[in-house]
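Protein sequence lines, in the order shown, are assigned to chains A and B.
All residue numbers for the first sequence refer to this note's numbering, where the first residue is 1 and numbers rise by one.
All residue numbers for the second sequence refer to this note's numbering, where the first residue is 501 and numbers rise by one.
No residue lacks a Cβ here, since even glycine has one placed at the ideal position from N, Cα and C.
Here is the structure we will look at, set down as C-alpha cells.
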Amino acid sequence: MTISRKTWSWRTRLLILLLLFAVVPLLGISIWSLEKLEETHETNTVDALKAIAHARAEAIDQIIGNRRRDVERIVSQVLPRLIAVREANAALAAQLAAPLLPAEPVLPLPELQDAQQNVPLAPQPADDVEPPTPDAAPAPVEPAPAAEAPVKQRGRAIPIEPRLRDRKATAPPVPQDLPAAKAAAEALDDLHQVLGLILWDPEIFEELLVIGEDGVVIASTFHKHEGKTAEGLEYFQNGLKATYLQPPFLSPITERLTMVIATPIRTSDLKLHGVLAARLNLERFFRLINDLTGLGTTGEILVGKHQKARKPEKDKEPEKDRVVFMAPTRHDAEAALRRSIEMGAKHSISLQEAARGLQGAGKQSEDYRGKTTLEAWLPVPSLDWGMVVKIDYDEAMRPVQTMRTQTWLMALALLVIVVTSAFVVSRELVRPLRTLKNATDRISRGDLDVQLEIRSNDEIGELADSFERMVAATKYLREHARRADEDEEEDVGNESTENQ
Amino acid sequence: MARLYDEILAIASNYMGVAADDYIRRRIRIVLRGDEPETISVDRLDRLAVGIDMTAKGYMSKSKAEAFRDAILALKNKYT
Numbered sequence: 001m002t003i004s005r006k007t008w009s010w011r012t013r014l015l016i017l018l019l020l021f022a023v024v025p026l027l028g029i030s031i032w033s034l035e036k037l038e039e040t041h042e043t044n045t046v047d048a049l050k051a052i053a054h055a056r057a058e059a060i061d062q063i064i065g066n067r068r069r070d071v072e073r074i075v076s077q078v079l080p081r082l083i084a085v086r087e088a089n090a091a092l093a094a095q096l097a098a099p100l101l102p103a104e105p106v107l108p109l110p111e112l113q114d115a116q117q118n119v120p121l122a123p124q125p126a127d128d129v130e131p132p133t134p135d136a137a138p139a140p141v142e143p144a145p146a147a148e149a150p151v152k153q154r155g156r157a158i159p160i161e162p163r164l165r166d167r168k169a170t171a172p173p174v175p176q177d178l179p180a181a182k183a184a185a186e187a188l189d190d191l192h193q194v195l196g197l198i199l200w201d202p203e204i205f206e207e208l209l210v211i212g213e214d215g216v217v218i219a220s221t222f223h224k225h226e227g228k229t230a231e232g233l234e235y236f237q238n239g240l241k242a243t244y245l246q247p248p249f250l251s252p253i254t255e256r257l258t259m260v261i262a263t264p265i266r267t268s269d270l271k272l273h274g275v276l277a278a279r280l281n282l283e284r285f286f287r288l289i290n291d292l293t294g295l296g297t298t299g300e301i302l303v304g305k306h307q308k309a310r311k312p313e314k315d316k317e318p319e320k321d322r323v324v325f326m327a328p329t330r331h332d333a334e335a336a337l338r339r340s341i342e343m344g345a346k347h348s349i350s351l352q353e354a355a356r357g358l359q360g361a362g363k364q365s366e367d368y369r370g371k372t373t374l375e376a377w378l379p380v381p382s383l384d385w386g387m388v389v390k391i392d393y394d395e396a397m398r399p400v401q402t403m404r405t406q407t408w409l410m411a412l413a414l415l416v417i418v419v420t421s422a423f424v425v426s427r428e429l430v431r432p433l434r435t436l437k438n439a440t441d442r443i444s445r446g447d448l449d450v451q452l453e454i455r456s457n458d459e460i461g462e463l464a465d466s467f468e469r470m471v472a473a474t475k476y477l478r479e480h481a482r483r484a485d486e487d488e489e490e491d492v493g494n495e496s497t498e499n500q
Numbered sequence: 501m502a503r504l505y506d507e508i509l510a511i512a513s514n515y516m517g518v519a520a521d522d523y524i525r526r527r528i529r530i531v532l533r534g535d536e537p538e539t540i541s542v543d544r545l546d547r548l549a550v551g552i553d554m555t556a557k558g559y560m561s562k563s564k565a566e567a568f569r570d571a572i573l574a575l576k577n578k579y580t
C-alpha cells in the first residue's frame with residue numbers, strides 16, 4: 001500500500017511564503033503601530049484638554065479674585081460718602097425733631113420675583129424721574145400692594161412673596177428749602193455720583209448697591225432699587241459679616257445669569273455702617289467658558305455646581321443630590337440653571353467628580369448626550385464649581401481612524417500585489433519545468449524529436465541546455481547504433497553468400 | 501593543430517554531450533578525406549561548419565545547430 005503525500009504546488013508554496021514572510025509581518029507591524037498611534041494620540045488629546053481646563057479654571061479663579069478685591073476696594077470710596085449721608089440725615093432729623101420715615105412701605109428687592117417690564121438693563125447714572133430719597137422727605141403713602149398673582153417667566157409661574165414692613169404710613173413732609181435737607185440731598189447725590197463713576201465700565205459690574213445695616217437700599221446705580229429692603233436676601237445677611245460671593249442666579253432685571261459680591265462697609269474701628277453689594281456682569285466670564293478654541297466642532301466646556309437635595313417631605317421619597325449646569329453648553333444653549341444630573345448617575349461621571357472637588361482625565365463612556373468622549377475635569381475653588389473640558393471621542397480620534405483606513409487599504413493593495421506576484425513568479429518558474437517534464441515524458445516513450453524553447457540565462461536555462469545536449473547525444477548514438485546493426489547484418493549476409 | 505582540435509571538441513561537447521567525440525571525429529574525417537582529425541587546420545573550419553550546419557539539425561533545434569556552427573566559425577578569428 002502506498003501512501004501518497006500531497007505536495008503543494010510551487011504556486012501555492014510561493015504564495016504562502018510571500019504571505020508568511022512579507023505580508024503578515026508588515027500587517028503585524030502596521031497594526032501594532034496603529035495601536036501605539038491611537039494610544040499616543042489619545043494621551044496627547046487628553047493632555048491638551050487638561051491644559052485647557054487648568055488655564056480656564058485659573059482664569060476664572062483670577063477673575064473672581066479680582067472682582068472680590070475690586071468690591072473691597074470700592075468700600076473705601078463709598079464709606080466717607082455713606083457716613084456723610086447718615087450724618088446729614090441725622091442732622092435733618094434732629095432739626096425736624098422727628099425721625100425720617102420712608103416715603104412708602106418698604107418693598108423687597110426683586111431678586112427672586114418676575115422681571116419688571118421695560119426696565120433698563122444697565123444702571124442709568126441719571127433717570128428722567130427724580131427718585132425719592134428713602135431717608136429724605138417722605139411722599140404720600142400709597143396703599144400696600146396686595147399679593148400679586150404669579151407672573152409667568154418663560155412658561156413657568158413664579159410666585160411672588162412680598163414681605164412688607166408695616167411701618168407708619170403717614171409722615172410729616174420735609175421742607176426742601178431747609179439747609180439740612182439740602183445738605184442731605186447733596187450728600188446722597190455725591191454718593192450716587194461716586195457709584196456712577198465706579199460703574200463707568202459696565203462690563204465688570206452691572207449694579208452697585210449701598211445697603212444700610214437695617215437692610216434698606218440707601219443708594220443704587222439702578223434707582224428703582226432704592227428704598228427697597230434686602231434684609232431677607234442671602235448675600236446681605238452674609239455680607240454683614242464678611243465678603244460673600246453669591247452663586248449665580250437668573251437676574252429678573254436683565255434676564256441673564258448674574259452674581260453678587262457683598263462686603264461689609266466698616267470704619268477702621270470695625271463699626272458696621274452697611275453692606276456694599278455689586279452685581280457682576282458675567283458676559284466676560286461666560287466668554288471665557290464658551291471660548292471653544294482648540295476644541296474642534298464637538299468640544300465644549302461644562303461647569304456645574306453640587307446642589308444638595310432638599311429635605312424630603314413627609315411620606316415622600318428622599319431626593320438625591322444633583323449637579324446643576326451653571327452655564328450654557330455648546331450643545332444645549334438653555335442648560336444654564338435648567339439642566340442637571342443626578343449624583344450617582346451612570347453618565348457624566350466626570351462632572352459629578354469635578355463638582356465634588358475631584359480632578360481627573362481620560363476616556364468617558366457616556367456624557368450627558370450619551371456620547372463617548374475624552375475629558376479632563378477639575379474643581380474651580382473660587383466658585384465651588386466643577387469644570388469639564390471635553391471632546392467627542394470620534395472627532396478626537398478621526399486622524400487615527402483616517403490613518404487606519406488608509407493602512408487597511410494599502411494592506412489590501414499589497415495583498416493583491418503579493419498574490420498576483422506569486423502567480424506570475426510561479427508561472428515563470430513552473431512553466432519551463434513543465435516543458436522539461438513533458439519533453440522527458442516524450443523521450444521516455446521513444447519520441448526523440450523534442451525541441452525546447454527555453455531561452456534564459458538562469459539555472460532553468462542551464463538545465464534546458466543540458467537536456468538538449470542529452471537528447472542530441474541520445475539521437476546520434478541511437479542512429480549510429482542502428483547503422484552499425486544494419487552494416488553488421490549486411491556483412492553477415494555477404495559472408496554467407498560468399499561461403500555458398 | 502591538436503590544440504585546435506581540442507577546442508573544436510570542447511565546443512562540440514556543449515552541444516552533443518557524450519556523443520561529441522564520435523560526431524566531431526566523423527565530421528572532421530569527411531572534411532580531411534580520411535586524415536586524422538587532430539591534424540585539422542584553420543582553413544578547414546569553413547567546410548567543417550557547413551557539415552555541422554547540415555547534420556546537427558537532425559539532433560537538436562535549428563537555433564542550437566546554428567549556434568554550434570557559429571561557435572566553430574568563431575575559431576577562425578581566434579587562430580588567424
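Which of the three DSSP states, helix, strand or coil, is assigned to residue 456 of chain A? When secondary structure is reduced to three states using DSSP, residue 456 of chain A falls in the coil class, being assigned neither helix nor strand.
Measuring alpha carbon to alpha carbon, tell me which residue in A:13, A:187, A:72 and A:438 is nearest residue 83 of chain A. Nearest to residue 83 of chain A by C-alpha distance, out of A:13, A:187, A:72 and A:438, is A:187.
Separation of residue 393 of chain A from residue 217 of chain A, as counted between CA atoms: Distance between the alpha carbons of residue 217 of chain A and residue 393 of chain A is about 52 Å.
Would you list, in chain order, the members of the stretch 452–471 of chain A that have their beta-carbon closer than 9 Å to a beta-carbon of chain B? Here the close residues are 452, 453, 455, 465, 466, 468, 469, 470 and 471.
Of all the residues that make up the stretch 502–534 of chain B, which are near chain A by a beta-carbon distance shorter than 9 Å? Answer set for the stretch 502–534 of chain B: 513, 514, 515, 516, 517, 518, 519, 520, 522, 523 and 526.
Could you tell me the alpha carbon to alpha carbon distance between residue 136 of chain A and residue 316 of chain A, rounded to whole angstroms? Because residue 136 of chain A carries a pLDDT of 33, less than 50, the predicted location of this residue cannot be relied on, and the following value inherits that uncertainty. Roughly 51 Å separates the two Cα atoms.
Please determine, among A:236, A:50, A:260 and A:448, the residue with the shortest C-alpha to C-alpha distance to residue 273 of chain A. When each option's Cα is compared against that of residue 273 of chain A, the closest is A:236.
Closer than 9 Å at the beta carbon, the chain A residues around residue 560 of chain B: For a Cβ distance threshold of 9 Å, residue set 451, 468, 469, 471, 472 and 475 of chain A lies close to residue 560 of chain B, ordered along the chain.
Chain A contact for residue 564 of chain B (CB, 8 Å cutoff): So, interface residue.
I'd like the list of long-range same chain contacts for residue 524 of chain B, defined as Cβ closer than 8 Å, with 5 residues on each side in sequence excluded. Excluding residues within five positions, the ones whose Cβ falls inside 8 Å are 508, 509, 512, 516 and 537.
Opening and closing residue of the alpha helix (DSSP H) in which residue 57 of chain A lies: First-last of the alpha helix (DSSP H) with residue 57 of chain A: 24–96.
Nonlocal neighbours in the same chain, by C-beta distance under 6 Å from residue 505 of chain A, ignoring five residues either side: Outside the shown range of chain A, which is 1 to 500, sits residue 505 of chain A, and nothing can be said about it.
In this structure, does DSSP put residue 321 of chain A in helix, strand or coil? Reduced to three states, the DSSP call for residue 321 of chain A is coil.
Please classify residue 281 of chain A as buried or exposed, where buried requires at least 16 other C-beta atoms within 10 Å of its C-beta. Buried: at least 16 other Cβ atoms inside 10 Å.
Could you check if residue 265 of chain A is buried or exposed, using at least 16 other CB atoms within 10 Å of its CB as the buried criterion? Looking at its Cβ environment, which holds 16 or more other Cβ atoms inside 10 Å, residue 265 of chain A is buried.
Within 10 angstroms of the Cβ of residue 166 of chain A, are there 16 or more other Cβ atoms? Answer buried if so, exposed if not. Reliability of the predicted coordinates at residue 166 of chain A is poor, the pLDDT of 33 falling under 50, and no value is obtained from them.
Three-way DSSP call (helix, strand, coil) for residue 152 of chain A in this model: Because residue 152 of chain A sits at a pLDDT of 35, beneath the cut-off of 50, its placement in the model cannot be relied upon, and the point is left open.
Can you look up residue 144 of chain A in the DSSP assignment and give me helix, strand or coil? Note that residue 144 of chain A scores 36 on pLDDT, short of 50, meaning its location in the model is unreliable; the coordinates nonetheless yield the value given after this. Three-state DSSP puts residue 144 of chain A in coil, outside helix and strand.
Given that a residue counts as buried once 16 or more other Cβ atoms are within 10 Å of its Cβ, and exposed if not, what is residue 559 of chain B? Flag for residue 559 of chain B reads buried.
Which of helix, strand or coil DSSP assigns to residue 376 of chain A: The three-state secondary structure of residue 376 of chain A, taken from DSSP, is strand.
Nearest candidate by alpha-carbon position, reference residue 183 of chain A, set A:275, A:86, A:295 and A:450: Among A:275, A:86, A:295 and A:450, the Cα nearest to that of residue 183 of chain A belongs to A:86.
Looking only at its chain, what residues have a beta carbon closer than 7 Å to the beta carbon of residue 542 of chain B, apart from the 5 residues adjacent to it on each side? If we look at residue 542 of chain B and ignore the five residues flanking it on each side, its Cβ neighbours are 504, 576, 579 and 580.
Please name the residue in A:398, A:192, A:379 and A:485 whose C-alpha comes closest to that of residue 220 of chain A. Closest option to residue 220 of chain A, Cα to Cα, is A:192.
So is residue 276 of chain A buried or exposed if we call it buried at 16+ other beta carbons inside 10 Å? With 16 or more Cβ atoms within 10 Å of its Cβ, residue 276 of chain A is classed as buried.
Mapping the DSSP letters down to three states, classify residue 179 of chain A as helix, strand or coil. In the three-state reduction of the DSSP assignment, residue 179 of chain A falls in the helix class.
Taking the alpha carbon of residue 548 of chain B as the point to measure from, which residue in B:506, B:521 and B:527 has its own alpha carbon closest? Shortest Cα-Cα distance from residue 548 of chain B to any of B:506, B:521 and B:527 involves B:527.
Measuring alpha carbon to alpha carbon, tell me which of A:417, A:299 and A:68 ends up nearest residue 369 of chain A. It is A:299 whose Cα lies nearest to the Cα of residue 369 of chain A.
For the stretch 435–449 of chain A against the stretch 60–79 of chain A, are there 3 or more C-beta pairs whose distance is under 8 Å? The way I'd put it, the stretch 435–449 of chain A doesn't touch the stretch 60–79 of chain A; fewer than three beta-carbon pairs between them come closer than 8 Å.
CA-CA distance, residue 199 of chain A and residue 205 of chain A? So the two alpha carbons sit approximately 6 Å from each other.
Considering only the beta carbon of each residue, do residue 396 of chain A and residue 374 of chain A sit closer than 8 Å? Yes, the pair counts as a contact, with Cβ atoms nearer than the cut-off.
Is residue 19 of chain A near the ligand ADP, judged by its Cβ being under 7 Å from some heavy atom? As presented, the structure is devoid of all ligands, the ligand ADP included, so that no description of it is given.
Using only alpha-carbon positions, find the residue among B:550, B:552 and B:567 that is nearest to residue 465 of chain A. Nearest option by C-alpha distance: B:567.
State the start and end residues of the unbroken beta strand (DSSP E) segment that holds residue 244 of chain A. From DSSP, the beta strand (DSSP E) with residue 244 of chain A extends over 244–250.
Environment of residue 21 of chain A [buried if 16+ CB atoms lie within 10 Å]: By the 10 Å Cβ count, residue 21 of chain A comes out exposed.
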